[in-house]
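Inspection log for the structure reproduced underneath, given as C-alpha coordinates.
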Amino acid sequence: MRAKGYAVTTLKLEFHESSGAPVTRKTLIKDAVIAGWTGRDAAAVEKHIVELEALGVKRPATTPIFYRVSSARLTTADTIEVLGKQSSGEVEFILLQADGKLWVGAGSDHTDRKVEAYNVSVSKEMCDKPVAQIFWPYEYLVDHWDSLILRSFAVGNGTKRLYQEGTVTAMLAPDDLIRRYSKNGILPEGTLMFCGTLPVKGEFATGSERFEFELEDPIANRSLCHFYNMVTLPVMG
2 MRAKGYAVTT
12 LKLEFHESSG
22 APVTRKTLIK
32 DAVIAGWTGR
42 DAAAVEKHIV
52 ELEALGVKRP
62 ATTPIFYRVS
72 SARLTTADTI
82 EVLGKQSSGE
92 VEFILLQADG
102 KLWVGAGSDH
112 TDRKVEAYNV
122 SVSKEMCDKP
132 VAQIFWPYEY
142 LVDHWDSLIL
152 RSFAVGNGTK
162 RLYQEGTVTA
172 MLAPDDLIRR
182 YSKNGILPEG
192 TLMFCGTLPV
202 KGEFATGSER
212 FEFELEDPIA
222 NRSLCHFYNM
232 VTLPVMG
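Printed below as a string of C-alpha coordinates:
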(Lines of atoms letter the chains of each structure in order from A and count residues from 1; the text may use other names and numbers.)
(Lines give C-alpha, C1' and ligand atoms only; values in the text may rest on other atoms or scores of the structure.)
Protein backbone atom coordinates (compact mmCIF):
# COMPACT_ATOMS: atom_id res chain seq x y z
CA MET A 1 0.00 0.00 0.00
CA ARG A 2 1.22 3.51 -0.76
CA ALA A 3 0.30 6.95 0.46
CA LYS A 4 1.34 10.10 -1.36
CA GLY A 5 5.00 10.77 -0.64
CA TYR A 6 5.48 7.67 1.49
CA ALA A 7 6.16 3.97 1.19
CA VAL A 8 3.78 2.67 3.85
CA THR A 9 3.86 -0.65 5.67
CA THR A 10 0.79 -2.10 7.36
CA LEU A 11 1.18 -4.15 10.53
CA LYS A 12 -1.59 -5.95 12.38
CA LEU A 13 -1.03 -4.87 15.98
CA GLU A 14 -2.83 -5.40 19.28
CA PHE A 15 -3.27 -2.34 21.50
CA HIS A 16 -3.86 -2.87 25.24
CA GLU A 17 -5.37 -0.14 27.35
CA SER A 18 -5.34 -0.35 31.14
CA SER A 19 -8.91 -1.61 31.09
CA GLY A 20 -11.22 -3.16 28.56
CA ALA A 21 -10.57 -5.69 25.85
CA PRO A 22 -7.47 -5.36 23.63
CA VAL A 23 -8.09 -3.78 20.24
CA THR A 24 -6.49 -5.31 17.15
CA ARG A 25 -6.17 -3.10 14.11
CA LYS A 26 -4.12 -2.66 10.97
CA THR A 27 -1.65 0.14 11.60
CA LEU A 28 0.13 2.19 8.95
CA ILE A 29 3.85 2.75 9.51
CA LYS A 30 5.36 5.49 7.36
CA ASP A 31 8.75 5.94 9.02
CA ALA A 32 10.96 3.40 10.79
CA VAL A 33 13.75 4.92 12.89
CA ILE A 34 16.64 3.22 14.68
CA ALA A 35 17.98 5.45 17.45
CA GLY A 36 21.61 4.75 18.31
CA TRP A 37 23.94 5.97 21.04
CA THR A 38 20.98 6.61 23.34
CA GLY A 39 22.74 6.02 26.67
CA ARG A 40 21.73 8.34 29.54
CA ASP A 41 25.30 8.51 30.84
CA ALA A 42 26.88 10.93 28.35
CA ALA A 43 30.39 10.39 29.74
CA ALA A 44 30.11 6.63 29.30
CA VAL A 45 28.83 7.09 25.75
CA GLU A 46 31.78 9.34 24.87
CA LYS A 47 34.24 6.89 26.42
CA HIS A 48 32.87 4.06 24.29
CA ILE A 49 33.02 6.21 21.14
CA VAL A 50 36.70 6.94 21.80
CA GLU A 51 37.40 3.23 22.35
CA LEU A 52 35.78 2.38 19.02
CA GLU A 53 37.62 5.19 17.23
CA ALA A 54 40.87 3.55 18.33
CA LEU A 55 39.69 0.42 16.52
CA GLY A 56 38.91 2.34 13.34
CA VAL A 57 35.16 2.76 13.83
CA LYS A 58 33.97 6.17 12.70
CA ARG A 59 32.52 8.54 15.30
CA PRO A 60 28.73 9.01 14.94
CA ALA A 61 27.67 12.35 13.49
CA THR A 62 25.49 13.04 16.55
CA THR A 63 24.60 11.41 19.85
CA PRO A 64 22.03 10.13 19.81
CA ILE A 65 21.89 9.42 16.10
CA PHE A 66 18.74 8.48 14.21
CA TYR A 67 19.19 5.96 11.41
CA ARG A 68 16.38 5.46 8.91
CA VAL A 69 15.40 2.05 7.57
CA SER A 70 12.65 0.98 5.24
CA SER A 71 9.34 0.46 7.03
CA ALA A 72 9.02 -2.73 4.98
CA ARG A 73 11.71 -4.21 7.23
CA LEU A 74 9.28 -4.25 10.17
CA THR A 75 7.61 -7.59 10.85
CA THR A 76 5.63 -9.44 13.52
CA ALA A 77 6.47 -12.81 11.93
CA ASP A 78 8.15 -15.59 13.89
CA THR A 79 10.74 -16.30 11.16
CA ILE A 80 13.14 -14.08 9.25
CA GLU A 81 15.76 -14.83 6.60
CA VAL A 82 19.34 -13.66 7.13
CA LEU A 83 22.38 -13.66 4.88
CA GLY A 84 25.11 -15.89 6.29
CA LYS A 85 25.89 -16.34 9.98
CA GLN A 86 27.10 -12.86 10.83
CA SER A 87 23.95 -11.19 12.15
CA SER A 88 22.33 -11.08 15.57
CA GLY A 89 19.38 -9.55 17.37
CA GLU A 90 19.25 -7.02 20.19
CA VAL A 91 16.27 -6.21 22.36
CA GLU A 92 14.96 -2.64 22.46
CA PHE A 93 11.89 -0.83 23.66
CA ILE A 94 10.09 0.81 20.76
CA LEU A 95 7.83 3.82 20.49
CA LEU A 96 4.95 4.10 18.06
CA GLN A 97 2.77 7.10 17.35
CA ALA A 98 -0.56 5.77 16.10
CA ASP A 99 -4.06 7.26 16.07
CA GLY A 100 -2.82 10.36 17.85
CA LYS A 101 -1.36 8.41 20.78
CA LEU A 102 2.10 7.26 21.89
CA TRP A 103 2.48 3.51 22.39
CA VAL A 104 5.30 1.35 23.78
CA GLY A 105 6.36 -2.02 22.44
CA ALA A 106 9.34 -4.35 22.20
CA GLY A 107 11.45 -5.22 19.19
CA SER A 108 14.76 -6.59 17.98
CA ASP A 109 17.11 -4.45 15.92
CA HIS A 110 18.53 -7.45 14.08
CA THR A 111 21.81 -6.30 12.51
CA ASP A 112 24.54 -7.67 10.25
CA ARG A 113 27.64 -7.37 12.45
CA LYS A 114 30.21 -7.75 9.71
CA VAL A 115 28.71 -4.95 7.63
CA GLU A 116 28.18 -2.84 10.76
CA ALA A 117 31.94 -2.60 11.15
CA TYR A 118 32.22 -0.43 8.03
CA ASN A 119 28.72 1.02 7.42
CA VAL A 120 26.09 1.10 10.16
CA SER A 121 23.28 2.38 7.95
CA VAL A 122 23.73 -0.46 5.46
CA SER A 123 23.92 -3.05 8.24
CA LYS A 124 20.60 -1.86 9.66
CA GLU A 125 18.83 -1.94 6.30
CA MET A 126 20.05 -5.46 5.52
CA CYS A 127 17.96 -7.19 8.19
CA ASP A 128 14.27 -7.45 9.07
CA LYS A 129 13.23 -5.84 12.36
CA PRO A 130 10.94 -8.16 14.36
CA VAL A 131 8.48 -6.50 16.76
CA ALA A 132 6.07 -7.92 19.31
CA GLN A 133 2.46 -7.59 18.24
CA ILE A 134 1.21 -6.11 21.51
CA PHE A 135 1.62 -2.43 22.47
CA TRP A 136 0.93 -0.58 25.72
CA PRO A 137 -0.04 3.10 26.05
CA TYR A 138 2.90 5.19 27.23
CA GLU A 139 0.69 7.29 29.48
CA TYR A 140 0.12 4.27 31.73
CA LEU A 141 3.85 3.57 32.05
CA VAL A 142 5.35 7.02 32.49
CA ASP A 143 4.96 7.13 36.29
CA HIS A 144 7.03 3.95 36.76
CA TRP A 145 9.04 3.96 33.52
CA ASP A 146 12.44 3.34 35.08
CA SER A 147 11.28 0.06 36.60
CA LEU A 148 10.76 -1.57 33.16
CA ILE A 149 13.16 -4.40 32.30
CA LEU A 150 14.50 -5.49 28.91
CA ARG A 151 15.63 -9.09 28.47
CA SER A 152 16.69 -11.34 25.60
CA PHE A 153 17.83 -14.93 25.03
CA ALA A 154 19.87 -16.46 22.23
CA VAL A 155 19.13 -20.05 21.23
CA GLY A 156 21.47 -22.25 19.22
CA ASN A 157 23.15 -25.65 19.21
CA GLY A 158 20.58 -26.97 21.64
CA THR A 159 21.24 -24.33 24.30
CA LYS A 160 19.46 -21.18 25.45
CA ARG A 161 21.45 -18.44 27.13
CA LEU A 162 20.56 -15.14 28.73
CA TYR A 163 21.90 -12.62 26.24
CA GLN A 164 20.83 -9.21 27.59
CA GLU A 165 19.13 -8.00 30.74
CA GLY A 166 18.70 -4.66 32.45
CA THR A 167 16.36 -1.76 33.10
CA VAL A 168 15.46 0.93 30.59
CA THR A 169 17.43 3.42 32.70
CA ALA A 170 20.41 2.58 30.48
CA MET A 171 18.73 4.52 27.66
CA LEU A 172 17.31 8.02 27.38
CA ALA A 173 13.71 8.28 28.54
CA PRO A 174 11.07 8.43 25.77
CA ASP A 175 10.21 12.12 26.23
CA ASP A 176 13.87 13.12 26.09
CA LEU A 177 14.56 10.94 23.06
CA ILE A 178 11.54 12.26 21.16
CA ARG A 179 12.55 15.88 21.87
CA ARG A 180 15.94 15.20 20.32
CA TYR A 181 14.33 13.65 17.24
CA SER A 182 11.38 15.98 16.69
CA LYS A 183 11.51 19.76 17.10
CA ASN A 184 7.98 19.94 18.50
CA GLY A 185 8.59 17.12 20.99
CA ILE A 186 5.95 14.87 19.43
CA LEU A 187 6.72 11.72 17.49
CA PRO A 188 5.17 12.14 14.02
CA GLU A 189 2.07 10.08 13.29
CA GLY A 190 2.93 6.72 11.73
CA THR A 191 6.49 6.70 13.10
CA LEU A 192 7.97 3.66 14.85
CA MET A 193 11.27 4.16 16.68
CA PHE A 194 13.71 1.63 18.14
CA CYS A 195 15.27 3.30 21.16
CA GLY A 196 18.59 1.68 21.99
CA THR A 197 19.81 -1.52 23.56
CA LEU A 198 21.80 -3.08 26.40
CA PRO A 199 25.28 -4.61 26.42
CA VAL A 200 25.39 -8.30 25.56
CA LYS A 201 26.53 -10.94 28.01
CA GLY A 202 29.50 -12.64 26.41
CA GLU A 203 30.01 -12.86 22.65
CA PHE A 204 27.64 -11.66 19.94
CA ALA A 205 25.08 -14.37 19.20
CA THR A 206 25.86 -14.48 15.49
CA GLY A 207 24.69 -17.69 13.88
CA SER A 208 21.94 -18.29 16.45
CA GLU A 209 18.89 -20.22 15.36
CA ARG A 210 16.34 -18.33 17.46
CA PHE A 211 16.11 -15.06 19.35
CA GLU A 212 13.67 -14.35 22.20
CA PHE A 213 13.03 -10.95 23.76
CA GLU A 214 10.74 -9.24 26.22
CA LEU A 215 9.88 -5.97 27.93
CA GLU A 216 8.75 -6.61 31.51
CA ASP A 217 6.61 -4.28 33.61
CA PRO A 218 7.16 -5.62 37.15
CA ILE A 219 4.78 -3.07 38.67
CA ALA A 220 1.81 -4.24 36.59
CA ASN A 221 3.12 -7.84 36.52
CA ARG A 222 3.00 -8.20 32.74
CA SER A 223 5.42 -8.62 29.84
CA LEU A 224 5.59 -8.07 26.10
CA CYS A 225 7.23 -11.17 24.61
CA HIS A 226 8.19 -12.29 21.13
CA PHE A 227 10.53 -14.76 19.46
CA TYR A 228 11.72 -15.40 15.94
CA ASN A 229 13.71 -18.06 14.14
CA MET A 230 16.47 -17.31 11.65
CA VAL A 231 16.68 -19.06 8.30
CA THR A 232 20.23 -18.67 6.99
CA LEU A 233 20.72 -17.93 3.30
CA PRO A 234 24.04 -18.88 1.71
CA VAL A 235 26.64 -16.23 0.86
CA MET A 236 27.60 -16.97 -2.75
CA GLY A 237 30.04 -14.11 -3.33
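The opening residue of the sequence shown carries number 2 in the numbering used here; numbering runs sequentially from there. Here a beta-carbon is modelled for each residue, glycine too, at the ideal position from N, C-alpha and C.
Report all residues from its chain with a CB closer than 6 angstroms to the CB of residue i; omit the five preceding and five following residues, and keep chain order.
i, result
"Thr-76", "Asp-129, Pro-131"
"Ser-19", "Tyr-141"
"Arg-74", "Asp-129, Lys-130"
"Glu-126", "Val-70"
"Ala-221", "none"
"Gln-50", "According to the sequence provided, residue 50 is Ile. The question's Gln does not apply to it. Result list for Ile-50: Arg-60, in chain order."
What are the residues that DSSP puts in a beta bridge with residue i?
i, result
"His-227", "Phe-214"
"Trp-38", "Per DSSP, none; premise fails for Trp-38."
"Ala-107", "Phe-94"
"Arg-194", "A small fix is needed here, since residue 194 is Met in this sequence, not Arg. Val-34, Leu-96."
"Thr-112", "Ser-89"
"Ile-81", "Met-231"
"Ile-179", "Ile-179 is not bridged to any residue."
Would residue i pass as a contact of residue j if the rule is Cβ separation under 8 angstroms?
i, j, result
"Ser-266", "Phe-205", "Here the chain covers residues 2 to 238 and nothing more, so residue 266 does not appear."
"Phe-195", "Val-34", "yes"
"Val-58", "Lys-31", "no"
"Ala-133", "Leu-225", "yes"
"Val-92", "Ala-107", "yes"
"Val-169", "Asp-144", "no"
"Thr-80", "Val-236", "no"
"Val-201", "Gln-165", "yes"
Taking residue i as the reference, which of the options has the closest Cα?
i, options, result
"Ala-99", "Ile-187, Ala-78, Thr-160", "Ile-187"
"Ile-95", "Glu-47, Thr-192, Gly-208", "Thr-192"
"Ser-72", "Ile-150, Phe-228, Leu-29, Lys-86", "Leu-29"
"Arg-114", "Phe-228, Val-83, Lys-27, Trp-38", "Val-83"
"Arg-181", "Glu-47, Ser-153, Leu-149, Thr-63", "Thr-63"
"Gly-197", "Gly-21, Leu-14, Lys-13, Val-46", "Val-46"
"Phe-67", "Glu-117, His-49, Leu-178", "Leu-178"
"Phe-154", "Gly-203, Ser-124, Ala-171, Asp-176", "Gly-203"
"Ala-171", "Trp-38, Thr-112, Ser-183, His-227", "Trp-38"
Skipping 5 residues on each side, what residues in its chain have a beta carbon closer than 7 angstroms to that of residue i?
i, result
"Met-2", "Below a pLDDT of 50, predicted positions are generally treated as unreliable, and Met-2, at 38, falls in that range; the measurement from the model is reported next regardless. The residues are Val-9, Thr-11."
"Gly-85", "Thr-233, Val-236"
"Asn-230", "Asp-79, Thr-80, Glu-210, Arg-211"
"Leu-103", "Leu-96, Tyr-139, Leu-188"
Can you tell me the Cβ-Cβ gap for residue i and residue j, rounded? I've got them flagged as a contact below 8 angstroms.
i, j, result
"Leu-173", "Arg-41", "6 angstroms"
"Leu-163", "Glu-217", "The pair is not a contact, with the Cβ atoms about 13 angstroms apart (cut-off 8 angstroms)."
"Gln-87", "Thr-160", "Not quite, the Cβ-Cβ distance comes to about 20 angstroms (not below 8 angstroms), so this is no contact."
"Leu-14", "Phe-136", "6 angstroms"
"Ala-36", "Pro-65", "5 angstroms"
Report yes if the C-beta of residue i is less than 7 angstroms from at least one heavy atom of the ligand SAH; otherwise report no.
i, result
"Thr-170", "The ligand SAH is not part of this structure, which contains no ligands at all."
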